[in-house]
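Notes for the one structure printed next.
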Amino acid sequence: MFQLDGKAALVTGASGGIGAAIARTLHGLGASVALSGTRREALETLAAELGSRAHVCPADLKDPAAPDALVAAAEAAAGPLHILVNNAGFTRDMLALRMKDEDWQAVLDVDLTAPFRLSRAALKGMLRRRAGRIIAIGSIVGATGNPGQANYAAAKAGLTGMTKALAQEVGSRGVTVNMVAPGFIETPMTDALSDAQKAKLSEAIPLGRMGKPEDVAAAVAYLASDEAGWVTGATLHVNGGMAML
Amino acid sequence: MSDIAERVKKIVVDHLGVEESKVTAEASFIDDLGADSLDTVELVMAFEEAFSVEIPEDAAEKISTVKDAIEYIEKQKAA
C-alpha cells in the first residue's frame, strides 16, 4: 500500500520541520524528491541524509517568476512531476489594527499566490500524463481563524477554495487536488513555548499531545498514493481532534 | 493545404486521439471531436507552444473549429 516507486515529487518548504518530514516520508515510500526552500544549506543536509533520489532546488517564492522556474528545475532533476506538495509558507502575526498592507500582502503572496502559480505550472504536465497529485498544506486556522493571524488565516482559507476549484477543473484527467490541515505541530516555532503553555495547549487536544511533523507527513503520503485515487477536493484535518471539522 | 493547417490537424489528432479523417476544417472541437472545455484550453496552449504565438483569452474563446484555429494562427504568423 501507498508505494510511490518511480514517482517524482516536489516539496516546497522542505527546509522546515513539516516539509522535511514530508520529503522523508515520500522518499521512504520510493519517490524521487525535489527539495525546495530558501535555505540551500538545510536542503543540502536533507538531501545528503536521504541519499539517492533527492535533489536540491532552492527557490524564493516571493519572486513571481520563481514558481515556473522551480517546476522546470524540479522536473529536470527528478523527472516528470506526479506529486506537488505546496507546503512552503510563513507567518507574520499581529493584530489587524497594527497589520500593514505589506504584512498582509507578503503572507498572501507566498502562502496563497505561490501555490497557485506552482499548481498551474505543474498541472500542464500532469494533465498531459493523465495523472497527478496536488496537495496543499493548510492549517486549522484557515477553518477556525486565530487572533493575530488575519493574513495567514485568509491565505490558508484561500487554499481551501483553490483546492476545491482546481479539483473540479482537473478531475476528469485523473489528477486529484487535496489539502492537509495541521493543528499544533511540534516544530522549532513551537519549541519556544514554555512547558506550562504546552501543557495548556495539550488540554484542548482530545488526543492529549501536540502533533509531530510525521503525523502531517503520513496524511500527505496517503493523499499522494494511488490508493487515494477517489479522494479529491478534500481537506484532511490532522489536529488531534482539537477542531472536528 | 498549408503547412500550418497540417500541423494544426496533427496536434488535434494527437491531443484528442481522434481519427485524422474526422479532423476536417469545419469540425468543432467540442461538438464533433468530443473535446471538453479543458481539452480546448489545452489545445490552445499546444498551438501557442507549437507556433510560438500568444493567443489571448478572448481570441481563444472564439476558436471552436479546426478552421478557426488555422485561420487565427495564419493571421498571426502573417502579421
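Top to bottom, those sequences are chains W and L. Our numbering puts the first sequence at residues -10 to 234. Our numbering puts the second sequence at residues 10 to 88. Backbone N, C-alpha and C define an ideal beta-carbon position, used for all residues, glycine too. Computed from a predicted structure; not experimentally measured.
Original post:
Using a beta-carbon distance below 9 Å, is A161/W in contact with chain L?
Top reply: Counting from 1 along the first sequence, the entry for residue 161/W is found at position 172. Before going further, note that residue 161/W is Ser rather than Ala in the sequence given. It does; some Cβ of chain L falls within 9 Å.
Subject >> Any alpha helix (DSSP H) of 4 or more consecutive residues that is wholly inside the region 28 to 65 of chain L >> reply: 46 to 60
Original post:
Does the Cβ of A139/W have 16 or more other Cβ atoms within 10 Å, making it buried, or fewer, making it exposed?
Top reply: For the purposes of this step, residue 139/W is taken as residue 150 along the first sequence, with counting starting at 1. So A139/W counts as buried.
**OP:** Answer yes or no: does any C-beta atom of chain L fall closer than 9 Å to that of R117/W?
**Re:** Position 128 of the first sequence holds residue 117/W. Closer than 9 Å: yes.
Original post:
Under three-state DSSP, which class holds V21/L?
Top reply: Against the second sequence, residue 21/L aligns to sequence position 12. Residue state, collapsed to three classes: helix.
Original post:
Taking Cβ positions only, does K113/W come closer than 9 Å to chain L?
Top reply: Taking the first residue of the first sequence as position 1, residue 113/W is located at position 124. Chain L contact via Cβ: present.
Original post:
Based on Cα-Cα distance, which residue from M(-10)/W, A10/W and A103/W lies nearest to K51/W?
Top reply: Here the question's residue 51/W lines up with position 62 in the first sequence. For the residues M(-10)/W, A10/W and A103/W, the minimum Cα distance to K51/W belongs to A103/W.
Original post:
What are the boundary residues of the beta strand (DSSP E) that A54/W is part of?
Top reply: In the first sequence, residue 54/W corresponds to position 65, counting from 1. Taken as a continuous stretch (DSSP letters only), A54/W belongs to no beta strand (DSSP E), as it is neither H nor E.
**OP:** Return the bridge partner residues of M168/W from the DSSP annotation.
**Re:** In the first sequence, residue 168/W corresponds to position 179, counting from 1. M168/W pairs with A125/W and T224/W.
**OP:** For G200/W, write down the residues that DSSP places opposite it in a beta bridge.
**Re:** Along the first sequence, one-based indexing puts residue 200/W at 211. According to DSSP, G200/W bridges with I174/W.
Subject >> 9 Å Cβ cutoff, E29/L in contact with chain W >> reply: As a working note, residue 29/L is residue 20 in the second sequence. No, because no Cβ of chain W sits closer than 9 Å to the Cβ of E29/L.
Original post:
Cβ of I82/L within 9 Å of Cβ of F56/L?
Top reply: As a working note, residue 82/L is residue 73 in the second sequence. As a working note, residue 56/L is residue 47 in the second sequence. Their beta carbons are under 9 Å apart, which means I82/L touches F56/L by this criterion.
Subject >> Same chain, Cβ closer than 6 Å to V60/W, five either side skipped, listed in chain order >> reply: Taking the first residue of the first sequence as 1, we reach residue 60/W at position 71. Excluding sequence neighbours, V60/W sits near A110 and A111.
Original post:
What is the C-beta distance between V227/W and I11/W, in whole angstroms, given that I count them as a contact (C-beta under 8 Å)?
Top reply: For the purposes of this step, residue 227/W is identified with residue 238 of the first sequence, where counting begins at 1. For the purposes of this step, residue 11/W is identified with residue 22 of the first sequence, where counting begins at 1. Contact doesn't hold; Cβ gap of about 12 Å is too wide.
Subject >> Distance between beta carbons of V62/L and A34/L, contact taken as under 8 Å >> reply: Residue numbering aside, residue 34/L sits at position 25 when the second sequence is read from its first letter. Residue numbering aside, residue 62/L sits at position 53 when the second sequence is read from its first letter. About 19 Å; that fails the 8 Å criterion.
Original post:
Quick one: what does DSSP say I194/W is sitting in, helix, strand or coil?
Top reply: Within the first sequence, the letter at position 205 stands for residue 194/W. Correct three-state label for I194/W: coil.
Original post:
A23/W by DSSP, collapsed to three states: which one?
Top reply: In the first sequence, residue 23/W corresponds to position 34, counting from 1. Three-state result, A23/W: strand.
Subject >> Outcome for L234/W when other beta-carbon atoms lying within 10 angstroms are tallied against a minimum of 16 >> reply: Along the first sequence, one-based indexing puts residue 234/W at 245. It is exposed - the Cβ of L234/W has fewer than 16 other Cβ atoms within 10 Å.
Original post:
At least one CB of chain L closer than 9 Å to the CB of E64/W: is that the case?
Top reply: Residue numbering aside, residue 64/W sits at position 75 when the first sequence is read from its first letter. No, no contact with chain L.
Original post:
Whose Cβ in chain W lies nearer than 8 Å to the Cβ of L47/L?
Top reply: Within the second sequence, numbered from 1, the residue matching residue 47/L stands at position 38. Per Cβ cutoff of 8 Å: L116, E158, V159, S161 and R162.
**OP:** Compare the beta carbon distance of A77/W and V99/W with 9 Å and say whether it is the shorter of the two.
**Re:** Mapped onto the first sequence, residue 77/W falls at position 88. Mapped onto the first sequence, residue 99/W falls at position 110. It is a contact, given that the beta carbons lie within the stated cut-off.
Subject >> For L74/W, the first and last residue of its enclosing alpha helix (DSSP H) >> reply: As a working mapping, residue 74/W is identified with position 85 in the first sequence. In the sequence under discussion, the amino acid at residue 74/W is Val, which differs from the Leu named in the question. No alpha helix (DSSP H) contains V74/W, which is instead part of the beta strand (DSSP E) from L70 to N75.
**OP:** Could you pull out every residue in the same chain whose Cβ sits closer than 6 Å to the Cβ of V164/W, ignoring the five residues on either side in sequence?
**Re:** Taking the first sequence and counting its residues from 1, the one referred to as residue 164/W is at position 175. Contacts found: M115 and G121.
Original post:
Among the residues of its own chain, which have a CB less than 8 Å from the CB of R16/L, if the five just before and after it don't count?
Top reply: For this step, residue 16/L is matched to residue 7 along the second sequence. Only A59 and F60 meet the Cβ criterion.
Subject >> Chain-ordered chain W contacts of E51/L [CB-CB under 7 Å] >> reply: Sequence index remark: in the second sequence, residue 51/L carries index 42 (1-based). Simply L116.
Original post:
On the three-state DSSP scale, how would you describe T74/L?
Top reply: Here the question's residue 74/L lines up with position 65 in the second sequence. DSSP places T74/L in strand when its eight states are reduced to three.
**OP:** Starting from the C-beta of E175/W, find all residues in its chain whose C-beta is less than 8 Å away, skip the five residues before and the five after it, and write them out in chain order.
**Re:** If you number the first sequence from 1, residue 175/W lands on position 186. So the qualifying residues of the chain are G6, M199, G200, K201 and P202.
**OP:** Report the option in A48/W, N167/W, V22/W and D49/W whose CA atom is closest to the CA atom of A37/W.
**Re:** The residue you call residue 37/W lines up with position 48 of the first sequence. For the residues A48/W, N167/W, V22/W and D49/W, the minimum Cα distance to A37/W belongs to V22/W.
Subject >> Backbone secondary structure at A181/W - three-state DSSP >> reply: Translated into positions along the first sequence, residue 181/W becomes position 192. Coil.
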